[in-house]
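Under the numbering used here, residues 47 to 212 are what the sequence shown spells out, in order.
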Amino acid sequence: MRRFALKVDQLPAWAFVAAAIAVFGAVRAGRLFALLHQSRGGMELAGILTLAVFLGIVIFGVRRRQVAAWRSTVHVLGATVAGNALGILLIWPLIPDGYQVSLAPMLRDTLAAGISMAVMSLPIAIALLWLSRRYGSHSLVTERRVRVIQEQWRRRFARDQDATGA
């Protein structure tokens, strides 16, 4: 598993985004297929898989430290929006003729809603990604990292206090 994670970390940005779009689009298509055939169990399973894939994309987006936080955030949000549209495209040939839906307006509305959601959540997502990279654990011993951060803050506070008190 560690080798897989290291390979994903070293992928070029375009390959990471393309893989994320393909995987997210496939699980979204599975969920839409289950919804189309009114399979409750299939919808639940596909919902769990969709969440797992989304979390995986976010985790690998955080791990890709060679990419700036804002770019990595745009990669993750763009991949989810494009993956959702890909899911609709994949399921489109399987929709029965009795449904009166059109592909172009559905894709337009899906992309518009996804892009507006991504734009509105972008500042928060960038801040959270930066914080997770700045104060996240770089080792398996998270408590040690917290102690190191607390000690740095104590030193800064003491230095600032000495500077204002002197």
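Every residue gets a Cβ at the ideal spot worked out from N, C-alpha and C, and that includes glycine.
Exercise. Check whether the Cβ atoms of V68 and G129 sit closer than 9 Å, and answer yes or no.
Key: Looking at the sequence itself, residue 68 is Ala, so the reference to Val does not match. Their beta carbons are under 9 Å apart, which means A68 touches G129 by this criterion.
Quiz prompt | D55: first and last residue of the uninterrupted alpha helix (DSSP H) it sits in | solution = R48 to D55
Practice problem: Kindly list the residues whose CB is nearer than 8 Å to the CB of L153, restricted to its own chain and excluding five residues on each side of it in sequence; keep chain order. | Solution: A131, I134 and L135
Quiz item: Straight-line CA distance for A66 to S162?
Solution: 20 Å
Quiz prompt | Nearest to R110 (by Cα), restricted to the options V99, A209, A59 and L97 | solution = A59
Exercise. Could you check what DSSP says for I141 in three-state terms: helix, strand or coil?
Key: coil
Practice problem: Find the nearest neighbour of G102 within the set F50, A164, I195 and R202, judged by alpha-carbon distance. | Solution: F50
Practice problem: Can you say whether R213 is buried or exposed, counting buried as having 16 or more other CB atoms within 10 angstroms of its CB? | Solution: Residue 213 is absent from the structure shown; the chain starts at 47 and stops at 212.
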